[in-house]
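Number of protein chains: 2
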Amino acid sequence: MSFQLDKVVIFGVGLIGGSFALALKSAGAVRRVVGVGRTAGSISRALALGVIDEAGKDAGAARGADLVLLAMPVGQTREVMRALAPHLEEPTVVTDAGSTKRDVVQHAETELGGALARFVPAHPIAGAEHSGVDAASATLYQGRTVVLTPLPQTSERAAALVEQAWEACGAQVQRMAPREHDEVFAAVSHLPHLLAFALVDLVAGHANAGRLFEHAASGFRDFTRIASSHPEMWRDICMSNRDALLAELSGYEAELAQLRAILDRGDAGALQAVFERARAARNRWLESLK
Amino acid sequence: MSFQLDKVVIFGVGLIGGSFALALKSAGAVRRVVGVGRTAGSISRALALGVIDEAGKDAGAARGADLVLLAMPVGQTREVMRALAPHLEEPTVVTDAGSTKRDVVQHAETELGGALARFVPAHPIAGAEHSGVDAASATLYQGRTVVLTPLPQTSERAAALVEQAWEACGAQVQRMAPREHDEVFAAVSHLPHLLAFALVDLVAGHANAGRLFEHAASGFRDFTRIASSHPEMWRDICMSNRDALLAELSGYEAELAQLRAILDRGDAGALQAVFERARAARNRWLESLK
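Residue numbers (the numbering used here), protein chains in the order written: chain A, 1 to 290; chain B, 1001 to 1290.
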C-alpha cells in the first residue's frame, strides 16, 4: 500500500481514537501513533494494549505530525483546539470525530487561525454500546461510512489525506456540508436518542414502574437500546445540535398530534394507512442495505 | 407428565396458534389437535407440517374439546365467539391469545352466554417478527410469560387448566386484572410501537428522505424494528386499547414538552439528569433480567 503516514497524534484514545489507531496500524498505513489524554490511566492502558506507540505529554505532541485526530469528548473541542493551535505547523492536517459538525466548525474558525485550511471536520458513523480503549478494534470502521464536511477554505490536500486515512481503515467516505450533516443526523440519530431516553424516563416515572418493566419485552428492549448510551456524550450532542434537533422534535410532535387525532376519532383506516406507509418505508430501507 | 388434554381446537393456526399446538405435542400434553381457519390454505399447510392432526370445518369442531384456543386476528374475536357459543358444552374451556384484554372480555360477556365461566382471557408475551404457521415452533413459549386475566366469574378449574397448558408449553403464567393488563402493555408495548411507526413516517415524509435513510445506522434500525410489525394487527391493538394508549401518549407528550423546554433554555445539566435517570432505569431493568 502506497499510503503511509509517518506520525499520527490522537487526542482522546478511547473506542473511536483507539480503533482509528489500530485500523491504521493493521493496514500498514502509519509508522508511529502518539496518544494524548486528560488522564494518565487511559493513555498508559492504550500503551499497554499496543494501541499507541508513545504517550504525548500535552498539545505540543502534535508537532511534526502528518495527521492529528481529535477524538476526545466533544465538550473539550474548543479547549483542545486552543492548546493545539500554536503547534500546528505545515504540513500537519487536523481532523475530528465529533457527532455534530457546525459547532466544531465554529470552534475551528475561532481557534485554529492559519491552520484552518488544514482542518477537515469528520464524523465516523460507528456507534457502539461499549466505550473506552479496551473496546477499540482494528475492524470497527470496516464498511462504515465516514462523513467529511470540508469548509470552502479547506485545502484539497488536507481533505484527500483524511479521506485516504479513513479508507485505509476500511471506511467509505462521503462529503457533505456541515449544515446538511447536522440536519440529517438530527433526524436519524439525535432525535431517536432523545425519544428513547424519554420513553424510559416516562416508564420509570410511573408509580407501578416495577410492574411495567417486568412486562417489557424484546420490542421495548430494542426500541430503548440507545437509551443506554452515554448520558454526557448525548447531552453534548443534543446541546451542540440544538436547533436542528428542536426542528425535528417539532416535526415529531406534529406526527404524534396527528396520530392522537386519528385515535381520538377512532379512524382505524387512517391508523392502518400510517402504519403501512411506515412499514413500507422501513422495509424499502432495509432492502437498500442489502 | 400427568397433564394431558384429549382434544384441543385452535381457531387461527398461525405463529401463535401453531406454536401452542407444537409445544403441547412436544410435551406430550395433547392427544389430538384440530385446527380451524378462515382460509383452506393455511389449514392444509398446518396439516402438512404436522402442526395439527385434523382440519375442522367450522365452529362445530369445538364440540367435545377440552380446550379451545382463539388465535385468529383479534378483529375476528366477536364473530368467532358468536359462532362458537352454541357448541361450548361442559367441560370445554376457552381461552384466547389477544394482545389486549378488556375488549376481549367485553366480547366474551356479550357472546359466550353460559360458557363465560369457562372462558379464560390470556396473553402470551411472545412477539416475533415472523408470522404464519411456517414460523411456528415448539419452543416459542419457552421461558416466556403468559398473562391470564380471569374474571370474577371465571371458574378456578378453567383458569387452572389454561395455566397448566401454558406451563406445559414452557411458559410462566401470571394473573392480572384485565384493566391492569391493558395499562401495563399500553406503556411498554403499544406506545413504543406507535412511536416507532411515527418516527419512520416522519423521516419518510422529509423531502430528502433518501439522504436521511442513507445515513440511518444501527441505533435507528433497532429503535424502529417494531415499525416493521404487522400494520393490521397493530391497528387492531391500538384501536382496542385506545383509552390506555391515549393516556400513555399524553404522558409521553408531556415528557417531550419537558425535554423541549430544557433544550430551549440550553440547560445542559437538566438534560444530562434526564438521560442519566433513564439510562440507570434501563440498566437496572436489564440487570433484573439476568
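Ideal placement from N, C-alpha and C gives every residue a C-beta, glycine not left out.
Considered as a whole, the stretch 1083-1125 of chain B harbours 1093-1096 and 1122-1124 as its complete beta strand (DSSP E) runs of no fewer than 3 residues, in chain order. DSSP places B/ILE1226 within a helical segment (H, G or I) once states are collapsed to three. In the three-state reduction of the DSSP assignment, A/ILE10 falls in the strand class, which pools E and B.
Sixteen is the threshold: since fewer than 16 other Cβ atoms of the shown chains lie within 10 Å of the Cβ of A/GLU287, the residue is exposed. DSSP places A/THR39 in the coil class of the three-state scheme, outside both helix and strand. Residue ranges of uninterrupted alpha helix (DSSP H) with 4 or more members, entirely inside the stretch 1184-1252 of chain B and ordered along the chain, are 1191-1205, 1209-1214, 1218-1223 and 1231-1240. Spatial neighbours of A/VAL147 in its own chain (CB-CB distance under 6 Å, excluding positions within 5 residues in sequence) are listed in chain order as HIS123, GLN174, MET176 and HIS181. The beta carbon of A/ASN283 falls within 8 Å of a beta carbon belonging to chain B, placing the residue at that interface.
Put simply, of A/PHE275, A/ALA227, A/ALA187 and A/THR224 the residue whose alpha carbon is nearest the alpha carbon of A/TYR252 is A/ALA187. Scanning its chain for C-beta atoms nearer than 7 Å, with the 5 sequence neighbours on each side dropped, one finds around B/GLU1163 the residues LEU1148 and VAL1173, in chain order. Two segments are said to touch when three or more pairs of C-beta atoms, one from each, lie closer than 8 Å; by this definition the stretch 109-120 of chain A touches the stretch 87-96 of chain A. Residue-level contact by beta carbon holds for A/GLY266 and chain B, with a gap shorter than 8 Å. With a cutoff of 8 Å on beta-carbon distance, B/HIS1107 and B/ARG1144 are scored as not near each other. DSSP places B/GLN1172 in the uninterrupted beta strand (DSSP E) bounded by 1172-1175. The beta carbons of A/VAL30 and A/LEU5 sit closer together than 8 Å. Residue environment: B/ASN1241 is assigned as buried (16 or more neighbouring CB atoms within 10 Å of its CB, all protein chains considered). Listed along the chain, the chain B residues whose CB falls inside 8 Å of the CB of A/CYS238 are LEU1263 and LEU1271. In this structure, the CA atom of B/LYS1025 is about 9 Å from the CA atom of B/CYS1169.
Of all alpha-carbon atoms in B/ARG1179, B/TYR1141 and B/GLN1142, the one lying nearest the alpha-carbon of B/PRO1150 is that of B/ARG1179.
Residue pairing of A/LEU286 in beta bridges, as defined by DSSP: absent, with no partner found. DSSP places B/VAL1146 inside the beta strand (DSSP E), whose first and last residues are 1145-1148.
Residue contact with chain A for B/LEU1112: absent (no Cβ-Cβ distance below 8 Å to any residue of chain A). Interface residue (Cβ-Cβ distance to chain A less than 8 Å): B/GLY1143 is not classified as such.
When B/GLY1210, B/HIS1190, B/LEU1245 and B/VAL1203 are compared, the shortest CA-CA separation from A/SER218 is found for B/HIS1190.
Counting along the chain, B/LEU1161 sits inside the alpha helix (DSSP H) bounded by residues 1156-1168. Apart from sequence neighbours up to five positions away, the residues of its chain that approach B/ALA1159 with a beta-carbon distance below 8 Å are VAL1120, LEU1148, PRO1150 and ARG1175, ordered along the chain.
Look at A/ARG78 here: in three-state DSSP terms it is helix. Beta-carbon to beta-carbon, A/VAL9 and A/ALA65 are separated by about 4 Å, close enough to satisfy the 8 Å threshold. With a threshold of 8 Å between beta carbons, A/SER137 makes no contact with chain B.
In the DSSP assignment, no residue is bridged to B/ARG1277. By the 16-neighbour rule on beta-carbons within 10 angstroms, A/GLU89 is exposed.
At a beta-carbon threshold of 9 Å, the residues of chain A lying near B/ILE1125 are HIS215 and ALA217, ordered along the chain. Cβ-Cβ distances below 8 Å link B/ALA1085 to GLU1111, LEU1112, GLY1113 and ALA1115 in the same chain, with the five nearest sequence neighbours on each side left out; the list follows chain order. Around the beta carbon of B/PRO1091, fewer than 16 other beta carbons sit within 10 angstroms, so the residue counts as exposed. Taking all protein chains in view, the Cβ of B/PRO1231 is crowded by 16 or more other Cβ atoms within 10 Å, so the residue is classified as buried.
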